[in-house]
Structures are given as C-alpha cells and as structure tokens.
Amino acid sequence: MLRIGVDTGGTFTDFVVLENNEIRVFKISSTPDQPEKAILEGLSRIVGDWKDYTIHHGSTVATNTLLQRKGARTLLVTNEGFEDILEIGRQQRPGLFQLSSSRPKPLVPSTRRLGIKERTLWDGRSLISLEKRNLDWLQNKVKRLSPEAIAIVLLYSYLNPDAEKQIARALESTQIPLSLSHEILPEFREFERTSATVINAYLTPTLSKYLSALGSHPLVERGKLTVMQSNGGSISAQSASSQPLKTLLSGPAGGVVGAFDVARQAGNTRIITFDMGGTSTDVSLCDNRIATTNESTINHQPVPVQMIDIHTVGAGGGSIARIDSGGLLRVGPDSAGADPGPVCYGKGHQVTVTDAHLVLGHMDADFFLNGEMNLYPDKVWPALEELATNLGKTTNKSWTPPDIARGILKIVNTQMESALQVISVQRGYDTREFTLVSFGGAGGLHACDLARSLLIPRILIPPNPGMLSSLGILRADMIKDTSLTVMLNSQDSHVTERLQQAFSLMDERIQKELVAEGFAQEDLLLERSVDARYIGQSYELNLPFDGNVLENFHQLHNQFYGYSNPALPTEIVNIRVRGSGKYPSQPLPRLSLESEKPSPDALIQEKHVSFNGKGTPTRFYSRDKLRPGNRLKGPVIILEYSSTALVPPDFGVQIDEWMNIVIEPIQ
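So the sequence shown is numbered by my numbering: it starts at 1063 and just counts up by one.
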C-alpha cells in the first residue's frame, strides 16, 4: 500500500512517501491562495497507476481562516440573557499596564447573537422548556439574517442536550451547517464552550468546501484522505469537515509527533521540540510523553479542546526585517512567504532571516533543495545596505550589511529563546535534563545558539528535518478524543463506581467510531485521563487515570505550583478518553556504527564563514554521505535537501545508529 504525508506550509508544501517500506521526500512551493493546487501537483508526481493509497494531510486552512478572520457569516443561538457572553468573556486584561489597549471584536457581532427562552439547571433538570412559538420565532430570524453557519450553545447542555437537539431539528430544513456545543465540547465553563462552538461554526463552511474540492479530484478520490488534528492524531476528511476546530494546529502537531517518535527510537524521551519553518517557530516540551492541553488561545480566541501543547512565535526563515517607527531593527512576525519570498529567491524585496544567513555564509546557494531551486545572493547585499543606511540615520552610527545580518539573527534567536523558556523554565523544568530536537527548514541554523543560551546539553537533528512534520503526519494514528464534566468529590464513597460507569460509556462510543473507520478491535488503544483540582480552586490539572491518581495529582500540583496538600479533598472535574486506531508502523532502521572519520567524498568544500563577526575556515559536508559513527568538530556546515545544520566552533557532531545528527558542546 502507498501512504503519503502532505504538510502545507506558508512557504513550501512537503511530501513524504512511504512505498514498499522505502521513504522518499520532496518539496514544492506552496500556493497560499489555493493550497490544493500544490497538493495536487505533488500527488501527480507520486500516485501514477496506484489505486490503493492513503493521503495523510496536515492543513493550514482552518488556522489561516481564523487568523485572517475570513470565516463564515455565523449566527449564535444561546439562552435569553446570555447573548453577550462572547463579548464579556472572562474580563481578563492581557496588557494590564498598557495605557491604551483594545480587544478584538467577537467573531459574531451582537446583531447575530440570538437569545431563546429556555433554561436547564446545573443538575440537568429543565426549568424552562422550549416552546413551539419560540422555535417559530427563531426560524423566522434565521431566514431574515441569512447566516452561513449557526452555533447553538445552551447552558448545561453537556448534562442535558435535549434543548439543543430540538433547536437543531427546527433549523434542519435551512441546510445551514450547525455546530452544537454538547457535541463540540461537552464540558462546563460556558464562555469557553461558546467560544469553541462559535469557532467551529465559523470555520466549517471554509474547511468543508476546501476538503470537498480536494476530495472530489480524481487523484484524491481514488485513495483515502485523512486530516491531521491538533491532538496528534488523524481523522477522516468527513469528520474534519464537520469539526474543523480540531485541525487548528494540524501541521505543528505533526512535527511534535514525528520528533517524539524519532527521538524515542534513539533512546530520548525527554525532549524539547524546535520546529522553525518559513513563517513561524513552534516549540513543545515532551517529558516522556507528548503533552496536551485544553487551554490554548489562538488569535485571542480561547480554544478549549484537547491539543498538543505547542507554543508558537512569528519567527521563521521568511520573517521580514525592517526598521520600525522608533528607528530600531525589528524581525517578524510578518513573513515573505513563498511568493515573493526572501530577497535571495529572486522576486522579494524585503530582507529576511534566510537572507541574513546567506550573506554570512551559513548556507550554500548552489545546494538549496539539492540545486532544484536557484538562489540569488547578489541581490541580498544591496537590500541589506538599504537597511543599514536607514538604521544609520536614526542611530548616528555606520552599519555594514554583515552587521545588519548578525543583528537579524540575534533578534530572531532572542524571540525563539523566549518561546523555549515559556514551555520549559517557566513551568518548572530544568533544560539541562532535555534533548533539543531541531527540525524544520531553518531549525538547524539556530539550534546550537539556542542550546548554548539555555544550557541544553544535546541537540538531535533527524534525517530530512525539513520534512519531519510530513513524516509525523504520515506516522500518526487515527485518534478520537471525547470528554465530559462530572464534578465528583474524591471523598464521595461512590466516586470510583461513578467514574467507571461514565468511562465505560465513553469507551464504548469511541470504540464504535474507530471500528466504523475500518480499524479492527485488536488495533485499538484507549487511554483515560482526568482533570483534577483541590476543591475551591478555579482551574485543574490533567493526569492519567490509574490506581494512584490522587497521589499523582499532589505530585503534579507541587511541580507546577511549588506546593501540595494531600490533606485537602480533591475534585474530579472532567474525565477524558482518547482512542487510537493503529496504522501499520514502520520502525526506523538501526545501523551499525562505522569509522569516526568521514569518507573523503562527504566533504563538499571549505571556505570562510562568519562566526561571532570573524571569518572562520569552515568545512561543508553532504549529509547523504555521512555514515553512523562519523564524528566532526565545529565549525562545520552540513548540507542536505530539506535543511542546513550550522555547527559553531564550540560544538562537536556525531552521526548515530539511526542517522540522526547529534550535536553536543565541546567540554
């Protein structure tokens, strides 16, 4: 069987093909306005006469639609008196000390937020039932407002969804896509549940149209299409069309899955993933498992569904450098993208991080994508000179193009270092105990600087690092997540019995969904977890559900907050079940270690490269010709199809049994 992993990025669309136990990779330029064009172009090179194949797709359509606020004209139906919940929110002020601040407008304006007379109590009992005249009124309102999508969110519907189902039946004839909160997020906290349901409705028409257009093409129709979710697993295209909320971190999630898989096979399960692409950098910490969260925020919108815990900053190879209104050099978050791209691509006019590396000699213009794509270094110098001139006007100091290039790299490194601190040091982790897994097209150019700053003792760069997200998408299992608010006191004598009853029902539902996707019962894996807190606390911690759940909660609470109190009663707030349908796995081959000295034909060239402002003789190696056991001492630059690894003089390199580049500081 042929399996294809596709990751659509802002600059390139990546393809990883698994055919007869062999993997091949390639990139083509993305087509942001019509992302399916690049996908279909790539598929036309792959499928040939194959009729049995699966396409595993990491999509940015939902993410870009939300970030650019180009979603559907959405209507919100909620309880009378709760129409403004999206506007009120949690009354949090992210910029507490800003003299002037503004809040983004809700995705649904007040004119399209309708309150209907209905009320369900906290225990699921109906206080005010829906009446036919209210449903008739709602039908007339919907006809008059002509929405493209409808979100239905009623209080306590996760306990009693009858009223939401009544409204859905009343609006079924409109054929407008409906998102019901008890299906999207059956949990308490009405603001977060409303936000999740509204975002899902807002995205549904766009993603549904995109997947329908992609899925109906003969190249895709002949096979099976799945879409990567934010939680690290795939779902069918049909499920993704109705629940696009789950695909918001589709591509970055694939990167974390791929990084953890590769690192685990090499014996590293405590890792920090560092994915630097053309537009952004995504980082995540995995402490013996891939961490998930339900407290993410995207573009100021809370997204309270289970997803891999990823922190993103607008720092990538295509991040644009500019002089701001105060006369200072800034980098990002705007990106040059694929078109026009960096100046060195030949069409761009704004200097990027990639241009800075090229001027300093960190990249080889003749080896980019194995020579498949031309770079134009002669166009970069004048663009940097213009930046240097503009900066000199405000600083009264003379700057050279290399000065500007080094400044660009220092700024972007600082931004990425801050992102890494957010997911490690600021959460009580010691970075000296982790391995930095670096990937993405630009990751290898910055990994050593970041490891040095954060005292990370080891860097691992897997094979084809610029394609690792596609590999992760390809290797991801099909995953179904479900959750339920239960609010159970640990001192309740029936707590275990009630938990088991609720878990059993959720297990059964997840199993049925995965079997319907074509998985055999023996290929299914179910994982249970709980959200717990001390009674009286506002927020909870997620941990696996096992025989020591309370003891583990106290330990986790101490790690996160610096204290715990086992004498206090604990509350089980939500329960969660994750079901996985296992695809056939392809373990990475482990090779025998060979000579420490690389083969002479692995050396491409030697030339001067800028390190710390000084030209230093540096050897350039072809990664394809390095073998397990080979050792190199910096300064070294290792070139390959999808990425470049920059190794400064204070670091050394070894190629391990899995063909990973392992970089460690020289003691």
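For every residue, glycine included, the Cβ atom is placed at its ideal position computed from N, Cα and C.
Here the structure is a predicted model, which is why all the values come from computation and not from measurement.
Check                                                                                                                                                                        : Outcome
Do you know how far the Cα of V1442 is from the Cα of L1347?                                                                                                                 : 36 angstroms
Can you look up E1180 in the DSSP assignment and give me helix, strand or coil?                                                                                              : coil
So, at 6 angstroms on beta carbons, what are the nonlocal neighbours of A1211 in its own chain, with the 5 sequence-adjacent residues on each side left out?                 : A1134, T1136, P1239, A1263, T1266 and P1267
Just checking my contact of L1422 with L1437 at CB under 8 angstroms: how many whole Å lie between their CB atoms?                                                           : The pair is not a contact, with the Cβ atoms about 14 angstroms apart (cut-off 8 angstroms).
What would DSSP say about N1604, mapped onto helix, strand or coil?                                                                                                          : strand
Which one of R1086, I1466 and N1141 has the shortest CA to CA distance from T1451?                                                                                           : I1466
Where H1244 and I1090 are concerned, what is the direct C-alpha to C-alpha distance, given to the nearest angstrom?                                                          : 41 angstroms
Looking at the unbroken beta strand (DSSP E) that takes in C1348, where does it start and where does it end?                                                                 : T1343 to D1349
Can you round the beta-carbon distance between K1659 and D1585 to whole angstroms, since I take them to be within the 8 angstroms contact cut?                               : K1659 to D1585, Cβ: 45 angstroms. No contact.
Buried or exposed for R1652, please, with buried defined as at least 16 other CB atoms from any protein chain shown within 10 angstroms of its CB.                           : exposed
With 16 as the cutoff for other CB atoms within 10 Å, does A1008 come out buried or exposed?                                                                                 : With the chain covering only 1063 through 1729, there is no way to say anything about residue 1008.
Quick one: is S1241 buried, meaning 16 or more other Cβ sit within 10 Å of its Cβ, or exposed?                                                                               : buried
When the Cα of P1727 is compared with those of V1557, D1593, A1509 and V1639, which residue comes out closest?                                                               : A1509
According to DSSP, simplified to helix, strand and coil, what is I1150?                                                                                                      : helix
Does DSSP classify G1505 as helix, strand or coil?                                                                                                                           : helix
Taking DSSP as the reference, what is the three-state secondary structure of P1662?                                                                                          : helix
Name the one or two DSSP bridge partners that D1337 has.                                                                                                                     : D1344 and F1501
In angstroms, rounded to a whole number, what distance separates the CA positions of L1148 and K1308?                                                                        : 20 angstroms
Kindly indicate which residue of D1440, F1607, Q1648 and I1523 has the alpha-carbon position closest to the one of N1330.                                                    : I1523
Kindly indicate the opening and closing residues of the beta strand (DSSP E) around D1593.                                                                                   : L1586 to Y1596
Would you kindly report the start and end of the unbroken beta strand (DSSP E) that includes P1364?                                                                          : Q1363 to V1365
Report yes or no: do three or more beta-carbon pairs, one from the segment 1288 to 1302 and one from the segment 1526 to 1539, lie closer than 8 angstroms?                  : yes
To the nearest whole angstrom, what separates the beta carbons of G1394 and V1474, a pair I think is in contact under 8 angstroms?                                           : 7 angstroms
Please determine if the segment 1271 to 1287 and the segment 1249 to 1261 are in contact, where contact requires at least 3 C-beta pairs separated by less than 8 angstroms. : no
What's the call for I1597, buried or exposed, on a 16-neighbour Cβ count within 10 Å?                                                                                        : exposed
Could you tell me the alpha carbon to alpha carbon distance between N1627 and H1616, rounded to whole angstroms?                                                             : 7 angstroms
How would you write the range of the beta strand (DSSP E) that H1279 sits in, first residue to last?                                                                         : Run containing H1279: none; DSSP gives neither H nor E here.
Tell me the DSSP secondary structure of D1543 in three-state form.                                                                                                           : strand
Could you pull the DSSP bridge partners for F1074 from this structure?                                                                                                       : S1091
When the distance is taken between beta carbons, is G1295 closer than 8 angstroms to I1352?                                                                                  : no
Would you report the Cα separation of E1180 and V1611, rounded to the nearest angstrom?                                                                                      : 38 angstroms
Are the beta-carbon atoms of I1382 and T1414 separated by less than 8 angstroms?                                                                                             : yes
Whose C-beta lies closer than 6 angstroms to the C-beta of Q1621 among residues of the same chain, with five residues either side of it excluded?                            : G1490
Is it true that the CB of V1698 sits closer than 8 angstroms to the CB of V1724?                                                                                             : no
Ignore the nearest five residues each way along the sequence and tell me which others in P1464's own chain have a CB closer than 7 angstroms to its CB.                      : V1421, L1422 and S1672
Starting from M1290, follow its DSSP beta bridges and name the residues at the other end.                                                                                    : S1296
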